[in-house]
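Student: Here the sequence shown is numbered in the UniProt record's numbering, starting from 1 and rising by one per residue.
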Amino acid sequence: MNEEFECIAVLSEHEGDVKFVKWNNINGEHSFLSCSYDDTLRIWRQDDYDEDEFNCVGIIRFECTVWSATWIDENTVACSTDGGQVLMYERASHPSSSDGLPSTVKKVEEWKISPSFKVANHNGPVYSIVSKKGVLVSVGSDGVITKMEKKEGEWRVSGDKKLGHGVREINGVAITNEGVIVTCGDDGVVRIWR
1 MNEEFECIAV LSEHEGDVKF VKWNNINGEH SFLSCSYDDT LRIWRQDDYD EDEFNCVGII
61 RFECTVWSAT WIDENTVACS TDGGQVLMYE RASHPSSSDG LPSTVKKVEE WKISPSFKVA
121 NHNGPVYSIV SKKGVLVSVG SDGVITKMEK KEGEWRVSGD KKLGHGVREI NGVAITNEGV
181 IVTCGDDGVV RIWR
């Protein structure tokens, strides 16, 4: 890349290391998630009047590090924690509609635990999760790849692969549009799953 790029914003609301960010690519909405050692998942949205400004519109608090998060849809997010949990949250309230005039009052959204999702547990920290087309995959320190699918309005575990990277931790996961799963781990390799 020959062109230079510049930092347009510094968002310093987290109180600990920020471990992960995830842009929302659903419906062209300009928002993202951030996860931190400060035991929070934060939801950020682009300001309606200043495209270079992003505001924290939601905070979900935990009792341990939040390692990863993913958008399920524009009103649902899933996250993974150091406590071995995968949790899903739904937006319970939308920011109040404005009358078209700029305001200094910050919009705030409320997010609540999803009743259609049973907590998926790993034995140890869950380092990465990803969602695509009704599939949610989680990986972590226990070396397990857990695949969940939404059927008849409920999320269910549809597959578990133990020792996905031998006895090593699995650090990251991605999924293609075709459902191919890619993982990486402490064994120094990338594995592709179908």
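We treat Cβ as the ideally placed atom computed from N, Cα and C, and that holds for glycine.
Fair warning: this is a prediction, and the values are worked out from it, not measured in the lab.
Short of 8 Å in beta carbon distance, which residues of its chain neighbour Val190, apart from the five on each side in sequence? Order them along the chain.
Tutor: Within the sequence shown, the letter at position 190 stands for residue 190. Closer than 8 Å at Cβ, skipping near neighbours: Val182, Thr183, Cys184.
Student: Taking the beta strand (DSSP E) that Ile145 falls in, what are its first and last residues?
Tutor: On the sequence shown, residue 145 is found 145 positions in, with the first residue counted as 1. Where Ile145 is concerned, the enclosing beta strand (DSSP E) stretches over 145-151.
Student: With DSSP run on the structure shown, which of helix, strand or coil describes residue 266?
Tutor: Outside the shown range of the chain, which is 1 to 194, sits residue 266, and nothing can be said about it.
Student: Enumerate in chain order the residues of its own chain whose CB-to-CB distance from Ser97 is below 7 Å, with the five nearest sequence positions on each side excluded.
Tutor: The count along the sequence shown starts at 1 and reaches residue 97 at position 97. Annotation note: pLDDT 47 at Ser97 (below 50); position unreliable, no value reported.
Student: Measuring alpha carbon to alpha carbon, tell me which residue in Thr70, Val66, Ser31 is nearest Asn55.
Tutor: On the sequence shown, residue 55 is found 55 positions in, with the first residue counted as 1. Nearest option by C-alpha distance: Ser31.
Student: With a 10 Å radius around its C-beta and 16 neighbouring C-beta atoms as the bar for buried, classify Arg61 as buried or exposed.
Tutor: The residue labelled residue 61 in the question sits at position 61 within the sequence shown. With fewer than 16 Cβ atoms within 10 Å of its Cβ, Arg61 is classed as exposed.
Student: Helix, strand or coil: which one does DSSP assign to Tyr37?
Tutor: On the sequence shown, residue 37 is found 37 positions in, with the first residue counted as 1. Residue state, collapsed to three classes: coil.
Student: Sort Gly143, Gly164, Lys132 by Cα distance to Val180 and report the nearest one.
Tutor: Here residue 180 refers to the residue found at position 180 when the sequence shown is read from its first residue. Nearest of Gly143, Gly164, Lys132 to Val180, Cα basis: Lys132.
Student: Alpha carbon to alpha carbon, what distance is there between Asn24 and Gln46?
Tutor: For the purposes of this step, residue 46 is taken as the residue at position 46 of the sequence shown. For the purposes of this step, residue 24 is taken as the residue at position 24 of the sequence shown. Rounded to whole angstroms, Gln46 to Asn24 spans 11 Å at the Cα level.
Student: Could you tell me which of Ile43, Tyr37, Thr146, Glu3 sits nearest to Glu63, measuring between CA atoms?
Tutor: If you number the sequence shown from 1, residue 63 lands on position 63. Among Ile43, Tyr37, Thr146, Glu3, the Cα nearest to that of Glu63 is on Tyr37.
Student: Closest to residue 199 by C-alpha separation, out of Val126, Lys19, Ile43, would be which residue?
Tutor: Limits of the chain in this structure are 1 at one end and 194 at the other, which puts residue 199 out of reach.
Student: To the nearest angstrom, how far is it from the Cα of Gly153 to the Cα of Ile129?
Tutor: Reading the sequence shown from its first residue, position 153 is the one you call residue 153. Reading the sequence shown from its first residue, position 129 is the one you call residue 129. Straight across, the Cα-Cα distance linking Gly153 with Ile129 is about 20 Å.
Student: Taking the alpha carbon of Lys107 as the point to measure from, which residue in Glu53, Gly159, Gly58 has its own alpha carbon closest?
Tutor: Within the sequence shown, the letter at position 107 stands for residue 107. The shortest C-alpha separation from Lys107 is found at Gly58.
Student: Quick one: grab the DSSP three-state call for Arg191.
Tutor: On the sequence shown, residue 191 is found 191 positions in, with the first residue counted as 1. Three-state result, Arg191: strand.
Student: What does a CB cutoff of less than 6 Å around Asp142 pick up in its chain, not counting 5 residues either side in sequence?
Tutor: One-based indexing of the sequence shown puts residue 142 at position 142. Contacts found: His122, Asn123, Gly124.
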